Amino acid sequence: MSTQTFEFQVEARQLLQLMIHSIYSNRDVFLRELVSNASDALDKLRIAALRDDSLDADVSDLHILIETDPEARTLTVRDNGIGMSYDEVSELIGTIANSGTAKLLAELREAKDGAGAEGLIGQFGVGFYSSFMVADEVTLVTRRAGEGGGTRWTSRGEGTYTLERLDEDAPQGTAVTLHLKPADPDDQLHDYTAEWKLREIVKRYSDFITWPVRLAPADGDGDGEAAALNSMKALWARPREEVSDDEYHELYKHISHDWRDPLETIRLQAEGTFEYQALLFLPAHAPHDLFTRDHKRGVQLYVKRVFIMDDCEALLPSYLRFVKGVVDAADLSLNVSREILQQDRQIQRMNRRLAKKVLASVKDLRTADPERYATFWKEFGAVVKEGLVTDPDNRDAILAAATFATTHDEDAPTTLKDYVERMGEGQSDIYFMTGESRQAIENSPHMEAFRAKGVEVLLLTDPVDEVWVDAVGTFDGKPLRSVAKGEIDLGDGAGDTSDAEREKLDEEYAAVLGWLSERLADDVKEVRLSSRLTVSPACVVSDADDITPALENMYRAMGQ
Ligand code: ADP
Ligand code: MG
Numbered sequence: 002m003s004t005q006t007f008e009f010q011v012e013a014r015q016l017l018q019l020m021i022h023s024i025y026s027n028r029d030v031f032l033r034e035l036v037s038n039a040s041d042a043l044d045k046l047r048i049a050a051l052r053d054d055s056l057d058a059d060v061s062d063l064h065i066l067i068e069t070d071p072e073a074r075t076l077t078v079r080d081n082g083i084g085m086s087y088d089e090v091s092e093l094i095g096t097i098a099n100s101g102t103a104k105l106l107a108e109l110r111e112a113k114d115g116a117g118a119e120g121l122i123g124q125f126g127v128g129f130y131s132s133f134m135v136a137d138e139v140t141l142v143t144r145r146a147g148e149g150g151g152t153r154w155t156s157r158g159e160g161t162y163t164l165e166r167l168d169e170d171a172p173q174g175t176a177v178t179l180h181l182k183p184a185d186p187d188d189q190l191h192d193y194t195a196e197w198k199l200r201e202i203v204k205r206y207s208d209f210i211t212w213p214v215r216l217a218p219a220d221g222d223g224d225g226e227a228a229a230l231n232s233m234k235a236l237w238a239r240p241r242e243e244v245s246d247d248e249y250h251e252l253y254k255h256i257s258h259d260w261r262d263p264l265e266t267i268r269l270q271a272e273g274t275f276e277y278q279a280l281l282f283l284p285a286h287a288p289h290d291l292f293t294r295d296h297k298r299g300v301q302l303y304v305k306r307v308f309i310m311d312d313c314e315a316l317l318p319s320y321l322r323f324v325k326g327v328v329d330a331a332d333l334s335l336n337v338s339r340e341i342l343q344q345d346r347q348i349q350r351m352n353r354r355l356a357k358k359v360l361a362s363v364k365d366l367r368t369a370d371p372e373r374y375a376t377f378w379k380e381f382g383a384v385v386k387e388g389l390v391t392d393p394d395n396r397d398a399i400l401a402a403a404t405f406a407t408t409h410d411e412d413a414p415t416t417l418k419d420y421v422e423r424m425g426e427g428q429s430d431i432y433f434m435t436g437e438s439r440q441a442i443e444n445s446p447h448m449e450a451f452r453a454k455g456v457e458v459l460l461l462t463d464p465v466d467e468v469w470v471d472a473v474g475t476f477d478g479k480p481l482r483s484v485a486k487g488e489i490d491l492g493d494g495a496g497d498t499s500d501a502e503r504e505k506l507d508e509e510y511a512a513v514l515g516w517l518s519e520r521l522a523d524d525v526k527e528v529r530l531s532s533r534l535t536v537s538p539a540c541v542v543s544d545a546d547d548i549t550p551a552l553e554n555m556y557r558a559m560g561q
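Per our numbering: the sequence shown ends with 561, consecutive numbering throughout.
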């Protein structure tokens with residue numbers, strides 16, 4: 002049948018150029034990516050066969066097979082999984098869907114040093130394309146489970162790829178064949194046709210993959226099936242002492258499609274009537290779509306070591322949607338659906354327990370490793386704070402894990418607890434101000450009296466801050482109070498004018514107050530004298546129960 006040639010999207014072409022010139026120093030990881038894709042495809046086929054027993058597919062020996070041909074310098078990674086239709090190949094392999102890619106490329110061109118570029122590449126998980134780090138030509142042959150025929154895709158990574166519909170049935174699943182770049186005689190370490198090398202890479206990066214990864218005998222006529230290169234042991238079921246950090250990190254990368262190490266690994270073993278094991282990870286970087294509706298959760302559900310589903314939203318509350326990992330429950334049906342999970346009492350209990358565990362880990366991180374905590378909170382604090390509104394049960398745990406920018410120390414955010422400990426004698430409230438940025442808040446006239454008196458103010462700049470301060474109301478019995486609202490009594494004099502004095506002042510300024518009130522009648526409720534300012538002549542204040550100016554802006558921006 003006819004072969005058609007297509008051009009890569011501009012972004013895909015640029016990304017391929019980067020791959021071909023291999024800015025990523027650790028080229029071995031291409032195999033991890035191909036094995037990871039194959040493993041996903043096997044999971045998908047097993048689930049599809051479970052749901053539909055009329056599906057025409059053989060699931061009796063799902064596995065991954067690596068074949069090499071040293072003469073021809075080829076390496077093939079073959080799976081008998083779900084496969085792809087013609088349209089899926091052209092959609093999934095021919096283009097780069099990720100909208101962040103253009104931005105990535107711009108940043109990559111800026112990043113001169115390899116390390117920076119490596120980090121950026123990792124942000125997007127270039128998966129399949131990483132083959133071009135080691136290959137000068139890649140061929141993919143695939144057949145979608147239940148369909149006849151097949152599709153062949155080829156590319157030299159240079160700007161075009163070809164697509165061909167096959168007349169004959171291709172084998173079940175997908176085979177990716179790399180034609181390896183010419184060998185460097187001085188570089189034995191990167192000979193990807195060498196058996197020891199492939200063993201080493203699979204062991205190192207893919208040991209936990211739950212499907213056997215086999216190496217085909219080099220002479221092609223090995224008797225029977227080769228032993229798996231990987232142990233297939235579920236990391237979450239193994240004792241902590243037996244598993245290295247590197248092994249945990251590789252599992253994280255497989256689940257999250259992130260190329261970088263996670264910030265923190267969290268383990269939980271629950272025994273009793275409802276047994277489960279959880280292995281959760283805090284990523285080091287927020288994804289681009291964290292605040293969009295179709296953001297995917299990264300927690301996989303297993304039942305007794307068998308993969309059940311990806312992105313299982315029932316396992317953790319929405320404000321922890323960035324957490325990745327695995328939950329393996331002993332007593333669930335293999336057929337369990339998302340709907341059933343949402344309703345299940347045991348799952349709801351597990352959800353609460355996991356949330357508490359994650360929050361406790363964040364709190365521990367804060368004291369144990371302030372630097373890593375700071376990274377975490379910068380990336381995910383705004384999401385976690387949503388929980389102050391949506392999860393009243395865990396409010397204390399969230400506040401114990403949270404820190405806030407403060408006028409007390411520009412470089413060190415504070416906990417509410419530390420704020421309260423620093424409160425002066427006459428101070429009964431916890432003061433905060435919301436705004437777009439630290440600078441905008443600090444320039445606000447509302448801050449003047451606080452600065453003059455040396456009263457600490459929390460500087461809240463995330464949109465969610467507008468909402469949780471109201472929902473939470475008090476901390477440790479102290480009201481949370483906006484410096485931009487109502488009359489403020491700073492205790493030791495400011496705003497503490499005696500009644501007689503005030504009357505006298507009001508009289509003195511009656512004329513100017515009257516004039517201002519008249520001129521501003523359409524815009525403000527009242528014009529009054531204030532002692533809250535030290536430099537600015539006037540400022541606008543809300544009533545104590547009005548919404549704050551920043552919230553007003555937010556609503557306005559939302560068109561309300
Ligand atoms: P990712 O795995 O992060 O989605 P990849 O570039 O590795 O990105 O793969 C892109 C997509 O191509 C996958 O999401 C999957 O849908 C499809 N794909 C890749 N390899 C296979 C395979 N062996 N079998 C079936 N589908 C595959
Ligand atoms: Mg992949």
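Cβ coordinates follow ideal geometry from the N, Cα and C atoms, glycine included. Here the structure is a predicted model, which is why all the values come from computation and not from measurement.
- Boundaries of the alpha helix (DSSP H) harbouring E89: Y87 to L93, taken from the DSSP string.
- With distances taken between CA atoms, T6 lies nearest to T163 out of Q189, V513, P393 and T163.
- Counting only the Cα atoms, T178 lies some 31 angstroms from V300.
- With a beta-carbon spacing of about 15 angstroms, G128 and N27 fall beyond the 8 angstroms limit used to define contacts.
- By the C-beta density criterion, Q189 is exposed, having fewer than 16 other C-beta atoms within 10 angstroms.
- For D168, the shortest C-beta to heavy atom distance toward the ligand ADP is 7 angstroms or greater.
- Residue state for A176 is assigned as strand, using DSSP reduced to three classes.
- For Y130, the shortest separation between its Cβ and any heavy atom of the ligand ADP lies below 7 angstroms.
- Below 8 angstroms, too few C-beta pairs join the segment 445-453 and the segment 462-480 to call them touching: fewer than three.
- In this structure, I256 is the residue among R166, I256 and P218 with its C-alpha nearest to the C-alpha of Y206.
- For L514 and S537, the gap between their C-alpha atoms comes out near 16 angstroms.
- Beta-bridge annotation (DSSP): Q270 is paired with Q278.
- Between the alpha carbons of W516 and D523 lies a gap of roughly 13 angstroms.
- Taking C-alpha positions only, Y303 is separated from I489 by approximately 55 angstroms.
- Residue environment analysis places S40 among the buried positions, since at least 16 neighbouring C-beta atoms fall within 10 angstroms of its C-beta.
- When rounded, the separation of the alpha-carbon atoms in S86 and D246 is 38 angstroms.
- Per DSSP, E165 is one residue of the beta strand (DSSP E) stretching across T161 to L167.
- Of all alpha-carbon atoms in E502, R452 and E422, the one lying nearest the alpha-carbon of G478 is that of E422.
- Straight across, the Cα-Cα distance linking T416 with L400 is about 8 angstroms.
- Considering only D392, A287, R306 and N352, the residue with the shortest C-alpha distance to C313 is N352.
- Around the beta carbon of E509, a 10 Å sphere encloses fewer than 16 other beta carbons of the protein chains shown; the residue is thus reported as exposed.
- Straight across, the Cα-Cα distance linking D170 with A146 is about 11 angstroms.
- A check of alpha carbon separations from L281 across V327, P318 and V307 identifies V327 as the nearest.
- In the three-state reduction of the DSSP assignment, Q301 falls in the strand class.
- Relative to L264, the option among P480, Y374, K357 and T4 whose CA is nearest is Y374.
- Contiguous beta strand (DSSP E) elements confined to the segment 306-377 occur at 307-310 and 325-330, taking only those with 3 or more residues.
- Look at P284 here: in three-state DSSP terms it is coil, with no helix or strand label.
- Taking K198 as the centre and dropping the five residues before and after it, the same chain places the C-beta of D192 closer than 7 angstroms to its C-beta, in chain order.
- The secondary-structure analysis by DSSP pairs M434 across a beta bridge with L460.
- In summary, D44 is buried, with 16 or more beta-carbon neighbours lying within 10 Å of its beta-carbon over all protein chains present.
- D137 and P393 have their alpha carbons spaced roughly 56 angstroms apart.
- Under the criterion of beta carbons closer than 8 angstroms, T175 and G82 qualify as touching, at roughly 7 angstroms.
- Around the beta carbon of I341, fewer than 16 other beta carbons sit within 10 angstroms, so the residue counts as exposed.
- Put simply, the backbone Cα of W237 is about 40 angstroms away from that of D187.
- For W237, the secondary structure class from DSSP, reduced to helix, strand or coil, is helix.
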